[in-house]
Every structure is written in C-alpha cells, then in structure tokens.
C-alpha cells in the first residue's frame, strides 16, 4: 500500500536571471525585470514528497520529522537567505530559474531518500508561479 | 529533464446549470440551487500547467510571462465578467459545469502550447470544489 | 475581559453594478466590466465578528454554533446562489457593491446579536478585494 | 473525456502515536511528542477526488453535492470530534498516522464510488504535513 | 511612528469543553460534540502582534527572531502536543475555549513584552473559527 | 456610514539589513542572516486599505480599480524586482526592514488618497511575518 507523504518548507533568497554570454539587450529581451543586475528576491515555498510502502511497524512511509530535518540540513542551509547566483555553486554556470532550482533541490535530497521511494519537488517562486520535478 | 511549470490566474463569471430539454422540476431536482434562472456566480481560480523539457539556453520550460499573457488573451478575455450561458458560445448547448468549463479552457489553450508539451487545467469553482483536466 | 470571536462563512451570487438613472455610456465609464447587463458573479467569503465579555460559566463570548446557524439563516439563505440585483429586495434601488452588501449583511445580523456586543462584517468579493463594516 | 473532480472537507480529532507492544522508551524515541499518553489533536483537511468520464447529460463526473454528503456520512460522522485511538474501531490495533488514516478514509468511501471511477484521498494533518493515497 | 509587527506560529493540542459541576446532559446540551469525554483536538494557528515605536537604530519595533523565540519558549513549549485539560495548569478549573486559551497565551507573553508596547493575540481554533484578545 | 475597502497587491525585491556605521560583527549580531552582503529577497504581499464614507451615487468608498492602478503606479513600479538598498532612494540611509518599508509605502500613497479617508498599509515580508502601519 503505497502512500505519498509531503512536507512543506520555506526559504528566501535573491537571484537574477541572465546569461553571461548574452549582451544586455538580449538578456533584457528574454528575462525582462528578472535580469536586474542588482538582483531581486523571493520567498520560495517548497513541498517535498516521498512515495513508498507504509512501514507496518510504525505506520510511516518516512518519519516526517526526519524529512523535515533533511530538508533543513540539505536545502534550507544551502539556499536560505542566500544570493543564488553568487553563493550557491550549482548556479555558477546555470540560470537560477524555478525549473533549475527544483532540479538542484531534487539532486540534493535524492541520495538521502530510500532508493525504493519516489521523490517529488514542488517549488513556488511566487504564490502564482510554481514548478514540479519528479526526477 | 522534464519539469511541469504552473501559473495561477483568476476570472469571475455568472452561470446557471440546467438543460433546455428538461422541465423545471427535473432541472431543480438535478441541479438544485445552481438552476436559479436569474443566475448565480463564482470567482474561478485557474491553474494552468505545462510539462516539457527545460530549454538549456534559458532554463525555462516555457516563459511564465508568455504563459500568463496567453491565459489572459485566450481565457480571461473570453470568460472574465461574463455570463457563461449567454455570452460564451461554447456553452450555448453545453452545461457550464466546472468539468465542462475546464475542457473549454483546455481547448482554448492547447493550439497555442508547444506540441511536445503536456497541458493540464485545474479549475476551482469554489475554495472547496475543483476539477482537473489533462486532455 | 472582552474578546472578539470570528466565524467564516461563504456564499456565491450574481450581480451587476449600474444605476438605472444613468445611460449606458456613463455606467460603463464608472463601472467598467462590472456593468455587464447579463451579470457576472463571485464567491463571497464572509467573516462575522462579535466582541464582548466572556461568559464565565461557558467560557464563550457567543457560542460559535449559534453564530454559524445565525449566519446561515439570516445571510446565506438570503444571498447564496441568488442574483443580488433581481432577487434581494435591499438591492432593488441600491447598487450591490461590496460596500453596500457588507452593510446589508450587518443590518440583517445586528438585531439578533446581544445589544452589549459589537458586530463587525468583513466581506471578500474576490481574494484581492474586500471590505470591512463595523456599524 | 476524463475529468477529476475534487471536494474539500474538514474534521478534527484527538490521537496518539504509539505501539502497545513497545515500551515507553521506544515509543518516545520513535514517535516523540506524538506519543503523549494524554493525546493531542489536529484539524484534518481532507480532499477527496473522483476521476471518470463526464456524463454528457448533466456535465458532471459526479454530483459534488452527492460527494459532499457521502464524505459527511461516511467520514466526518465517523471521525469528527473523535478520539481516533479509542473511538474509531479501525485504529484499535493500527497506529493512527496520517498514512493509515488516509487508507481508512479511502476504504470507507471506495464501496460507494462508481466502480469505473478512480478515487484519491489527500489528508492534511497540519498545514505543513500531508499524505496522498490512491488505492 | 507606531507600527504593529505580527508573527504567526502553530501548535496542536487535544481538549474537551465541559464543566465538572454540570451533569452530562447539560454539558452535551451546551457544548455538543466538543464535550466528548475522550477529547478531540485542533491545529491552533496563532498570530502574536506587538505595537510600538520603531527603534531608529535598527528599524525594528521588536526583532521578529526574538518574538519567534519568545512564542516558542512561553507558548509552544507549554501547549504544543499537549492535552489542555489535563496537562496545562491554567485549565484545571477553566474551560479551554478559544476565548480562554487566547487570554492564557496573552498572559504568558505580556510580562516579556516591552511595557510601552501593546500586545494582541489572534488564535485560530479551525480555519473558520478564531478569536482576538488585546488585553 | 464608513466602510474600509482593502486591495491586495504583490511585489518582490532583494534587500539586506545592516547599518553602514556598524562593523560586521555588530551587524551580524543584530541582523543575523538578514545581513548577508550579497542580499536575499522576498515576495512581499501588500494590503492597502482606505476607510471613508460610501459615495451614495456609486456605492463605492473608492473605486477598487483606481486603488489598484494607484498601487501599481506608486508602489509596484518603484519596488517590484528592485534591490531596495541600492535602487530605492528612500533606503539610501534607512534600513529596509518591513516596518520601514510599510512607512515608505504609506508615504508614497498618502498624497493620492482623499484627505478625508484613512489609509492603512499591511505588508507581509514572509507568510509568517507582517507589519501594519496606519500613519
């Protein structure tokens, strides 16, 4: 009996969308206000879901406290109150779009989740824009 | 690496649920208060999701601004502040239930979405009732 | 020890903003899309608050179940799934703006609330527009 | 044309997580504060979804009023304002984790849903912890 | 220049509404399902607000981290995952209604807030029922 | 008959909390992670409320469309997708705390609101931290 368990978390960060190999005009044309060279920022709302069989002993798929601590250790400590472009190595040569951030978060968590479990990451960049990545 | 990107939008409209070929008793029995001949209305909350490969150049599956403008042009302009039964041609002979509205919205958007991308429409008729259509 | 107790409720309705004594041009200029002669509609979210001394016997200012039933009987029965302009007598000669609806709701409830208690009505016309009336 | 229709409901209850065959130390180690022998409680938010073909006559997959009444009769009456461990027979020998509660709710509803329809249960234990079960 | 700063927090607990000096019939008549002798429970959402002059040095009325820690130490540690009737001394002879809980929380926080600052407590017992206490 | 009308808006921005005349140690001690010299950011949710008499002709205290456009012109254009410390002149020598941002927003709007009307600004820095300023 497979169940999906989900945990919401939160971090906030500054970022800028642009490509170093494009000139200013092209960056502004493609990324608009998100290309502001002085950065802007977001409150990112994160929902991490793990799907697997219920452990008949505990009644848990995965202990929510363990999942909460894992998100804090692997994701919040790496991204919260950070400038994604400058301070998060994964975005040195990759644009910190919501799509790419969701993949970075997935990759940070995947090694620490039971191999038999599926992982899903939903990331809200604003209350009206969000992305979903399932590996 | 497929990611699903989602955008929330909003419109409000009046409607009435009934069938012209049923008498009043049957319409009231099946549709209850929703059969009020003077109409009632809703704030519809809409979530449109597009799933596809990330463009490695931009880091976008689909530019959210483009998706926002597309929803405004094709959906909000057609449905916002309208009487669905009287003013929206698709509902001339089709009951404007949440289910049918979600399909109409899907069909309005589908031709304008990249063919390799999947499309999903979630429509909240009230904060407690909503529907999902994926084609 | 005065405490304010609040109860959320919900109704949906159709309406139209216009003045019979204005011509179409003036109505459209002032009320825009809200002047659609075929009506549009909203999910109205309502928060009714009653402020007063705690009854030391029960620990209640006012029993929430009583307040819930009162809102249902006096407000929801009168407004839910209705066309405000056509079916609600208070709006026969008064524009059903959120401001005016909040006053109508206040007046429907006030006679049934303890005279020593204060009454407040908050009415959301959309998730982004709301009004507050305190008598 | 398959559509998924969803209805939100609500109940609140007390519970405690523990195993009778474990000693206090092990129960506290695994279940932490949730093992409080005097119980704690939650407002459970429930989303029940039914997926199937739209009935061309009504435009409904399933009448939301029928689904609402079914949830009230089969789920809310059984769980609302209850102590899950003491008063709900399914949890006599099963830990009332969110995962297990979602399966109990699914099993209560499944016999009353059209066999051709799929059923999904989403259960929020807190605004930050929730589970999904699809049978 | 006075500003009100607000911080949301969360705890969950079991409780029961009844008076020891009333018989079962009267308790059931007044408190209904909330009188379940086996307890039920809630996720309580708490908003604590402090109003005062902005400190011109920091730009803070009160450091939100300090307020967050104070709520955790004085309120969450005392109430979270507790049975209010059995484990919280203030409710030994006082009914744990939302009204009374809000006053207990206010009294726990008031001594630790700057005397020149005003304090307000908003407590959601369910998403639809909440109370406000300002001393 | 005075009514308060409220409009929600949204902007996102980067900022950093620190004082130029303090050394790094003191800034970190007081402002913690918010002192990150590379900036971090937020989705700011804004609620602007105007209180006044209802215009008996229109039924409006203030046309919500006018209020929406005013917020966009005076607040969103000045703050959205900006680095508050670098690009918003008001914060050249003032810390962009939520408290100070709410006062800046109030001062931007006040000259454009009817003098007989009261103005209130509520600003959410995160879903859990918010401030209220009423002049």
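Chains as they are written, first to last, in my numbering: chain Z, 1 to 135; chain R, 1 to 135; chain D, 1 to 135; chain E, 1 to 135; chain C, 1 to 135; chain X, 1 to 135. Using N, Cα and C, we set each Cβ at its ideal position, and we do this for glycine too.
1. Output needed for residue 79 of chain X: all residues of its chain with C-beta closer than 7 Å, excluding positions within five of it in sequence on either side, in chain order.
2. Name the chain R residues whose beta carbon is nearer than 8 Å to that of residue 59 of chain E?
3. Which of the three DSSP states is assigned to residue 86 of chain C in this structure?
4. By Cβ distance below 7 Å, which residues in the same chain neighbour residue 99 of chain X in space, the five residues on each side in sequence not counted?
5. Kindly indicate which residue of R/123, R/85 and R/59 has the alpha-carbon position closest to the one of residue 46 of chain R.
6. Using a Cβ-Cβ cut-off of less than 8 Å, list which residues of the region 38-54 of chain D approach chain X; keep chain order.
7. Check the Cβ of residue 30 of chain D against every Cβ in chain X and list those closer than 7 Å, keeping chain order.
8. Looking at the strands, I want to know which residues DSSP matches up with residue 49 of chain D.
9. At which residues does the alpha helix (DSSP H) containing residue 91 of chain R begin and terminate?
10. According to DSSP, residue 131 of chain E sits in a beta bridge with which residue or residues?
11. Can you give me the C-alpha to C-alpha distance between residue 121 of chain X and residue 5 of chain C, rounded to a whole angstrom?
12. Here's the rule I'm using: 16 or more other beta-carbon atoms within 10 Å means buried, otherwise exposed. How should residue 77 of chain D be labelled?
13. Would you call the CB atoms of residue 104 of chain X and residue 90 of chain X closer than 8 Å?
14. Determine the chain D residues that contact residue 74 of chain R at a beta-carbon separation under 7 Å, and present them in chain order.
15. Using the Cβ count rule (16 or more neighbours within 10 Å means buried), how would you classify residue 1 of chain X?
16. Which residues in chain D have a C-beta closer than 8 Å to the C-beta of residue 3 of chain X? List them in chain order.
17. Comparing alpha-carbon positions, which option in E/62, E/66 and E/82 lies nearest residue 43 of chain E?
18. Have a look at residue 67 of chain Z and residue 41 of chain E and give me their C-alpha separation to the nearest angstrom.
19. Taking C-beta pairs closer than 7 Å, name the residues in chain R that residue 7 of chain Z reaches, listed in chain order.
20. Between residue 48 of chain Z and residue 71 of chain Z, which are expected to be in contact by the criterion C-beta below 8 Å, what is the C-beta distance as a whole number of angstroms?
21. Residue 82 of chain R CB to nearest chain Z CB: under 8 Å?
22. Our contact map puts residue 95 of chain D next to residue 59 of chain X with C-beta atoms below 8 Å; I'd like the distance itself, whole angstroms only.
23. Is any beta-carbon of chain E found at less than 8 Å from that of residue 128 of chain R?
24. Would residue 26 of chain E count as contacting chain R if we go by Cβ distances under 8 Å?
25. Could you tell me which of X/21, X/75 and X/125 sits nearest to residue 111 of chain X, measuring between CA atoms?
26. Please classify residue 53 of chain R as buried or exposed, where buried requires at least 16 neighbouring CB atoms within 10 angstroms.
27. Measuring only the C-alpha atoms, how far is residue 9 of chain R from residue 128 of chain Z?
28. So, at 8 Å on beta carbons, what are the nonlocal neighbours of residue 108 of chain E in its own chain, with the 5 sequence-adjacent residues on each side left out?
29. Would you list the one or two residues that DSSP bridges to residue 43 of chain C?
30. When you compare only the Cα positions, how much space is there between residue 33 of chain X and residue 126 of chain Z?
31. Under 8 Å Cβ-Cβ, which residues of chain C neighbour residue 65 of chain D?
32. Assuming the contact rule is C-beta atoms closer than 8 Å, residue 85 of chain R and residue 16 of chain R should be a hit. Round their C-beta distance to whole Å, please.
33. Taking all protein chains shown into account, do 16 or more other C-beta atoms lie within 10 angstroms of the C-beta of residue 114 of chain Z, making it buried, or fewer, making it exposed?
34. Secondary structure at residue 70 of chain Z, three-state DSSP: helix, strand or coil?
35. Cβ of residue 86 of chain D less than 8 Å from any chain R Cβ?
Per the coordinate set shown:
1. Here residue 79 of chain X refers to the residue found at position 79 of the sixth chain. 11, 13 and 88.
2. Working through the fourth chain from its first residue, we reach residue 59 of chain E at position 59. In chain order: 17, 94, 95, 96, 97, 99 and 100.
3. For the purposes of this step, residue 86 of chain C is identified with residue 86 of the fifth chain, where counting begins at 1. The answer is helix: DSSP assigns residue 86 of chain C an H, G or I state.
4. Taking the first residue of the sixth chain as 1, we reach residue 99 of chain X at position 99. Contacts found: 131.
5. The residue given as residue 46 of chain R occupies position 46 in the second chain. That would be R/123, whose Cα lies nearest to the Cα of residue 46 of chain R.
6. none
7. Locating residue 30 of chain D in the third chain gives position 30, counting from the first residue. Within chain X, 58 have C-beta atoms less than 7 Å from the C-beta of residue 30 of chain D, given in sequence order.
8. As a position in the third chain, residue 49 of chain D is number 49, starting the count at 1. Answer is D/6 and D/120.
9. To locate residue 91 of chain R, count along the second chain from 1; it is residue 91. Per DSSP, residue 91 of chain R belongs to no alpha helix (DSSP H) and is neither H nor E.
10. The residue you call residue 131 of chain E lines up with position 131 of the fourth chain. In the DSSP output, where bridge partners are listed per residue, residue 131 of chain E has Z/5 and E/123.
11. Position 121 of the sixth chain, counted from the start, is the residue given in the question as residue 121 of chain X. Position 5 of the fifth chain, counted from the start, is the residue given in the question as residue 5 of chain C. Those two C-alpha atoms are separated by around 12 Å.
12. Position 77 of the third chain, counting from 1, holds the residue named residue 77 of chain D. With fewer than 16 neighbouring CB atoms inside 10 Å of its own CB, residue 77 of chain D falls in the exposed class.
13. Position 104 of the sixth chain, counted from the first residue, corresponds to residue 104 of chain X. Position 90 of the sixth chain, counted from the first residue, corresponds to residue 90 of chain X. Yes, Cβ-Cβ distance for residue 104 of chain X and residue 90 of chain X is below 8 Å.
14. Within the second chain, residue 74 of chain R is the residue found at index 74, counting from 1. Correct list: empty, because the minimum Cβ distance to chain D is about 17 Å.
15. Numbered from 1 along the sixth chain, position 1 holds the residue referred to as residue 1 of chain X. Residue 1 of chain X comes out exposed.
16. Taking the first residue of the sixth chain as position 1, residue 3 of chain X is located at position 3. Residues of chain D passing the Cβ test: 99, 102, 103, 131, 132 and 133.
17. For the purposes of this step, residue 43 of chain E is taken as residue 43 along the fourth chain, with counting starting at 1. Among E/62, E/66 and E/82, the Cα nearest to that of residue 43 of chain E is on E/82.
18. The residue given as residue 67 of chain Z occupies position 67 in the first chain. The residue given as residue 41 of chain E occupies position 41 in the fourth chain. Rounded to whole angstroms, residue 67 of chain Z to residue 41 of chain E spans 21 Å at the Cα level.
19. Locating residue 7 of chain Z in the first chain gives position 7, where the first residue counts as 1. Those within 7 Å of residue 7 of chain Z in chain R number zero; the least Cβ separation is about 19 Å.
20. As a working note, residue 48 of chain Z is residue 48 in the first chain. As a working note, residue 71 of chain Z is residue 71 in the first chain. Rounded, the Cβ-Cβ distance is 6 Å, consistent with contact.
21. Here residue 82 of chain R corresponds to residue number 82 of the second chain, with the count starting at 1. Cβ-Cβ to chain Z under 8 Å: no for residue 82 of chain R.
22. The count along the third chain starts at 1 and reaches residue 95 of chain D at position 95. The count along the sixth chain starts at 1 and reaches residue 59 of chain X at position 59. Contact holds; Cβ gap of about 4 Å.
23. As a first step, residue 128 of chain R is located in the second chain; it is residue number 128 there, counting from the start. Closer than 8 Å: yes.
24. Locating residue 26 of chain E in the fourth chain gives position 26, counting from the first residue. Answer no: the Cβ-Cβ gap between residue 26 of chain E and chain R never drops below 8 Å.
25. Against the sixth chain, residue 111 of chain X aligns to sequence position 111. When only C-alpha atoms are compared, the closest one is X/75.
26. The count along the second chain starts at 1 and reaches residue 53 of chain R at position 53. Residue 53 of chain R comes out exposed.
27. Taking the second chain and counting its residues from 1, the one referred to as residue 9 of chain R is at position 9. Taking the first chain and counting its residues from 1, the one referred to as residue 128 of chain Z is at position 128. If you take the alpha carbons of residue 9 of chain R and residue 128 of chain Z, they lie about 7 Å apart.
28. Position 108 of the fourth chain holds residue 108 of chain E. Hits under 8 Å: 74, 75 and 78.
29. Indexing the fifth chain from 1 puts residue 43 of chain C at position 43. Answer is C/12.
30. Start at 1 with the first residue of the sixth chain, and residue 33 of chain X comes out as number 33. Start at 1 with the first residue of the first chain, and residue 126 of chain Z comes out as number 126. In a straight line, the C-alpha of residue 33 of chain X is about 21 Å away from that of residue 126 of chain Z.
31. Taking the third chain and counting its residues from 1, the one referred to as residue 65 of chain D is at position 65. Neighbours of residue 65 of chain D on chain C, chain order: 32.
32. For this step, residue 85 of chain R is matched to residue 85 along the second chain. For this step, residue 16 of chain R is matched to residue 16 along the second chain. Confirmed, about 5 Å.
33. Residue 114 of chain Z sits at position 114 when you count from the first residue of the first chain. Taking all protein chains shown into account, residue 114 of chain Z has fewer than 16 neighbouring C-beta atoms within 10 Å of its C-beta and is therefore exposed.
34. Locating residue 70 of chain Z in the first chain gives position 70, where the first residue counts as 1. In the structure shown, residue 70 of chain Z sits in a helix (DSSP, three-state: H, G or I).
35. Locating residue 86 of chain D in the third chain gives position 86, where the first residue counts as 1. Closer than 8 Å to some Cβ of chain R, the Cβ of residue 86 of chain D qualifies, so yes.
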